[in-house]
Amino acid sequence: MASLVIPYRAKPHPLTGVTSGKLGVWLFLASEVMLFGALFSSYVLLRVGSAPEHWPTGVQAGLSVPIGTFNTLVLITSSVTMVMSWASLKMEQFGAFKAAARALIRQTRNHAC
Amino acid sequence: MSEAHSQLGFWRRYVFSTDHKTIGIQYGISALIFLFFGFSLMMMMRWQLAYPGQAIPILGGLLPDAWVDQGAMLPDFYNQLGAMHGTIMVFMGIVPLAVGAFGNFVVPLQIGAPDMAFPRLNMMSYQAFVIGGLVMITSFFLPGGAAASGWTSYAPLADIATTGQTFWLVGMIFLIASSMLGAINFIVTIIHLRAEGLTFFRLPFFVWSQLVTAFLLLLAFPALNAAAVLQLMDRLAGTSFFLPSGLVVGGEPAAASGGGSPLLWQHLFWFLAHPEVYVLILPGMGIVAEVIANNTRKPLWGYRTMVYSLLFLGFLSFGVWAHHMYLTGMGTTMSTFFQATTMIISIPSVIILSCLVISLWGGSIRFSVPMLFALAFLPMFGIGGLTGLPLGLAAPDVYLHDTYYVIGHFHYIVAPGTIFALFAGIYHWFPKVTGRSMNATLGKIHFWPSLLLMNGIFMPMMFEGMAGVSRRLFDPTIYAHGAAAHGLTVITSWSAWCLALAQIPFIINFFWSMRKKERAEENPWQATTLEWAAPTPPPHGNFPVPPVVYRGPYEYSAPGAERDFSPQYVKQGA
Numbered sequence: 001m002a003s004l005v006i007p008y009r010a011k012p013h014p015l016t017g018v019t020s021g022k023l024g025v026w027l028f029l030a031s032e033v034m035l036f037g038a039l040f041s042s043y044v045l046l047r048v049g050s051a052p053e054h055w056p057t058g059v060q061a062g063l064s065v066p067i068g069t070f071n072t073l074v075l076i077t078s079s080v081t082m083v084m085s086w087a088s089l090k091m092e093q094f095g096a097f098k099a100a101a102r103a104l105i106r107q108t109r110n111h112a113c
Numbered sequence: 001m002s003e004a005h006s007q008l009g010f011w012r013r014y015v016f017s018t019d020h021k022t023i024g025i026q027y028g029i030s031a032l033i034f035l036f037f038g039f040s041l042m043m044m045m046r047w048q049l050a051y052p053g054q055a056i057p058i059l060g061g062l063l064p065d066a067w068v069d070q071g072a073m074l075p076d077f078y079n080q081l082g083a084m085h086g087t088i089m090v091f092m093g094i095v096p097l098a099v100g101a102f103g104n105f106v107v108p109l110q111i112g113a114p115d116m117a118f119p120r121l122n123m124m125s126y127q128a129f130v131i132g133g134l135v136m137i138t139s140f141f142l143p144g145g146a147a148a149s150g151w152t153s154y155a156p157l158a159d160i161a162t163t164g165q166t167f168w169l170v171g172m173i174f175l176i177a178s179s180m181l182g183a184i185n186f187i188v189t190i191i192h193l194r195a196e197g198l199t200f201f202r203l204p205f206f207v208w209s210q211l212v213t214a215f216l217l218l219l220a221f222p223a224l225n226a227a228a229v230l231q232l233m234d235r236l237a238g239t240s241f242f243l244p245s246g247l248v249v250g251g252e253p254a255a256a257s258g259g260g261s262p263l264l265w266q267h268l269f270w271f272l273a274h275p276e277v278y279v280l281i282l283p284g285m286g287i288v289a290e291v292i293a294n295n296t297r298k299p300l301w302g303y304r305t306m307v308y309s310l311l312f313l314g315f316l317s318f319g320v321w322a323h324h325m326y327l328t329g330m331g332t333t334m335s336t337f338f339q340a341t342t343m344i345i346s347i348p349s350v351i352i353l354s355c356l357v358i359s360l361w362g363g364s365i366r367f368s369v370p371m372l373f374a375l376a377f378l379p380m381f382g383i384g385g386l387t388g389l390p391l392g393l394a395a396p397d398v399y400l401h402d403t404y405y406v407i408g409h410f411h412y413i414v415a416p417g418t419i420f421a422l423f424a425g426i427y428h429w430f431p432k433v434t435g436r437s438m439n440a441t442l443g444k445i446h447f448w449p450s451l452l453l454m455n456g457i458f459m460p461m462m463f464e465g466m467a468g469v470s471r472r473l474f475d476p477t478i479y480a481h482g483a484a485a486h487g488l489t490v491i492t493s494w495s496a497w498c499l500a501l502a503q504i505p506f507i508i509n510f511f512w513s514m515r516k517k518e519r520a521e522e523n524p525w526q527a528t529t530l531e532w533a534a535p536t537p538p539p540h541g542n543f544p545v546p547p548v549v550y551r552g553p554y555e556y557s558a559p560g561a562e563r564d565f566s567p568q569y570v571k572q573g574a
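Chains as they are written, first to last, in the working numbering: chain A, 1 to 113; chain B, 1 to 574.
Laid out in structure tokens, this is it:
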């Protein structure tokens, strides 16, 4: 099975200028846009359709500013470490990549907890 | 390449295969089993409709007491059968057969590719489909049974239904994951892996139809994914996305905070389910186009027009969903908009159908079995399409909505329409898959009764609907207008049971042809497209030498050519 060579795995296709994997991920993202589009439009519809006094906001809805801030911080730093690990891979600095990837995994784990 | 493949063990070769042809066959067999299962559910429903309250013959005594009372069907079970018949036929029968099986097997061959772009993703897509299917089927054995809120699962009814609905939603999420993986794979394969010289306008129409279908699956299904997650939250986490305020269930106020919108579910559902209708029909049109070009021995009339119509159809199918919702009180402005788009979308469908009909003109037609099914597809799809126009206009829809007329209309499109196209595809590509031809006499014995009985099922439904009989009724005879139309119901039911018998020649033909010794020729239909350039059955990797394409897909009876067909992969005018 390893002998079966599927073209455009590693080198970009002349028509699209990207590899098959990259095109696949872009298509996946298009699908995700529709998924979140549906979720966001549901939110808009429900919120617009409800009386303002019935829509819980802030603390009333069980939201906490410190936890929200912390969450945002973790999210942002995880994308920073993601970019850093990708950049060091691109520059073939594997030591830096490992450090950044480790940080990324830690962030992800923190976020999941 | 083929040696490397033959060294693989049984499991890697037949069960966890990454070969697009094996996966296509897996999809095909599973989908045929699901189709038969979904058909059986409907045959039980037809008994209740034709002979309400009487014990079901043979099966009645075997079914558990939760489903039947002394052999006679219980209303809850009828609702489960109705919901699961729709779900199984659409999501586990026709789409996997049209896209999973034919798409997987034929598309890489027709574009001259060694395999799909992501073979392992392809395998996962099939596995997700099987898991989704098993979840759906097992839900019958839950306390309270399978989902019973219709295949549309309208809220708030589905929100408060028994556990079967939860299984339906979970199964649906697996099926959606499966179709998303498949869609990504198809699009990348068709864009990246076309053989040298195979430009977009040299693609067979079937490949075009699969490309557009894949885009519909990719972009429409996420809406149902989101909706399914929200409904799961409603059912399990106590939210009320779809539960309105002041909901009363069985005389008691429902234990929900309210504020949700049942209409929201319908919008999200139909945003998927209308493009889904085109997912059901487009691959069928693609197969019919292949078969017609091949059997008329002339190029498709208006190939480019058909392709542009297809693209327009795919694009516009995202803008017609609310024509299923004229009676929900969403407002006349909305209705006006959606009836306009609905009338517009009928134009490309009519163009494609007209091109196919005109393609027959002046051809020297070979009435082979696939051609018979393809020819029957044309008027059947025509009836299905034209009867849709009164439903697409808001005013007549007020009367016809949710009657048997609707059932008759869309079944004309998917049953004698798509399913006939799929039969045409099975007869057409069977020699490619197995290296054996199917028997033509048995094929004709399969075709003629099927054509007659399909009309026997769905034509009376139209009249029943026009008489005002609502769909989903457990026993329409309790109403005077239902009792008056009961004769039509009996005709429908008997036609349905006879249709099951009419499939016996097909089943015999299928297995018997597979085992017979005599091999079919390499290109038995004298076709021009690339799949016939590969050895039969195609080895792992398909083509010993990557094919090169020299001309368009349907160069039949080219002037000056020696034979009446000039394959895409042969250099000279040959």
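Note that beta-carbon positions come from the ideal geometry of N, C-alpha and C, so glycine has one too. In this text, all values refer to a predicted model and were calculated from it rather than measured experimentally.
Look at A:Ile6: its C-beta is under 8 Å from a C-beta on chain B.
Straight-line measurement puts the Cα of B:Leu41 at about 29 Å from the Cα of B:Asn439. Within chain B, Ala117, Phe118, Leu121, Ile184, Asn185, Ile187, Val188 have C-beta atoms less than 9 Å from the C-beta of A:Gly24, given in sequence order. Within the DSSP bridge table, the entry for B:Ser470 names B:Thr403 as partners. The Cβ atoms of B:Ala128 and B:Thr189 lie no closer than 8 Å to each other. Contact annotation for A:Leu39 against chain B: Ala226 [CB-CB distance below 7 Å, chain order]. Boundaries of the alpha helix (DSSP H) around B:His85: 75–87. Within the stretch 164–177 of chain B, no residue has its Cβ closer than 8 Å to any Cβ of chain A. Going by beta carbons, B:Phe506 and B:His446 fall inside the 8 Å limit. The DSSP assignment places 369–386, 388–392, 394–400, 404–413 as complete runs of the alpha helix (DSSP H) inside the stretch 365–432 of chain B, in order along the chain (cut-off: 4 residues). At a Cβ-Cβ threshold of 8 Å, B:Gly9 and B:Leu97 do not count as neighbours.
Residues of chain A whose Cβ lies closer than 9 Å to the Cβ of B:Leu473 do not exist, since the nearest Cβ in that chain is about 32 Å away.
B:Phe543 is the residue among B:Leu81, B:Phe543, B:Ile347, B:Val398 whose C-alpha sits nearest the C-alpha of B:Leu109.
The beta carbons of B:Met462 and B:Gly408 sit closer together than 8 Å. Residue-level contact by beta carbon fails for B:Pro75 and chain A, as no gap is shorter than 8 Å. Only residues of its own chain outside the window of five on either side were considered, and among them Gly145, Ala148 have a CB closer than 7 Å to the CB of B:Asp76, listed in chain order. B:Lys432 counts as buried, since at least 16 other C-beta atoms from the protein chains shown sit within 10 angstroms of its C-beta. Of all residues in the stretch 34–64 of chain A, only Met34, Leu35, Ala38, Leu39, Ser42, Leu45, Leu46, Gly49, Ser50, His54 place a beta-carbon less than 7 Å from a beta-carbon of chain B. Spatial neighbours of B:Ala485 in its own chain (CB-CB distance under 6 Å, excluding positions within 5 residues in sequence) are listed in chain order as Glu464, Ala467, Val469. Boundaries of the alpha helix (DSSP H) around B:Ala293: 262–296. Counting only the Cα atoms, B:Gln231 lies some 14 Å from A:Tyr43.
Minimum Cα-Cα distance from B:Asn104 among the listed residues B:Ser17, B:Thr138, B:Gly164, B:Phe141 corresponds to B:Ser17.
Going by C-alpha positions, A:Pro56 is about 36 Å away from A:Leu27. Counting C-beta pairs with one atom in each stretch, the stretch 382–393 of chain B and the stretch 308–317 of chain B have fewer than three that are closer than 8 Å, which means they do not touch. Annotation: Cβ neighbours of A:Ala30 in chain B (cutoff 7 Å, chain order): Leu218, Leu219. Within the stretch 180–264 of chain B, no run of beta strand (DSSP E) reaches 3 residues while sitting entirely inside it.
Relative to B:Phe420, the option among B:Gly392, B:Gly443, B:Ala374 whose CA is nearest is B:Ala374.
Its chain contains Gly171 as the residues whose beta carbon lies nearer than 6 Å to that of B:Met136, once the 5 sequence neighbours on both sides are disregarded; these appear in chain order. Chain-order list of chain A residues neighbouring B:Ile191: His13, Leu15, Thr16, Leu23, by C-beta distance under 8 Å. Taking 8 Å as the upper bound for CB-CB distance, B:Ile352 and B:Met285 are in contact here, some 6 Å apart. Assigned with DSSP and collapsed to three states, B:Asp159 falls in helix. By the CB criterion at 8 Å, B:Trp497 and B:Met43 fall inside the cutoff. Counting only Cβ-Cβ distances below 8 Å, A:Leu27 has contacts in chain B at Ala183, Ile184, Ile187, Val188, Leu218, in chain order. Taking a Cβ-Cβ cut-off of 8 Å, the neighbours of B:Ser261 in chain A comprise Leu45, Leu46, Gly49, given in sequence order.
Counting of Cβ neighbours within 10 angstroms places B:Phe430 among the buried residues, the total reaching 16 or more. B:Ala214 counts as buried, since no fewer than 16 other beta carbons sit within 10 angstroms of its beta carbon.
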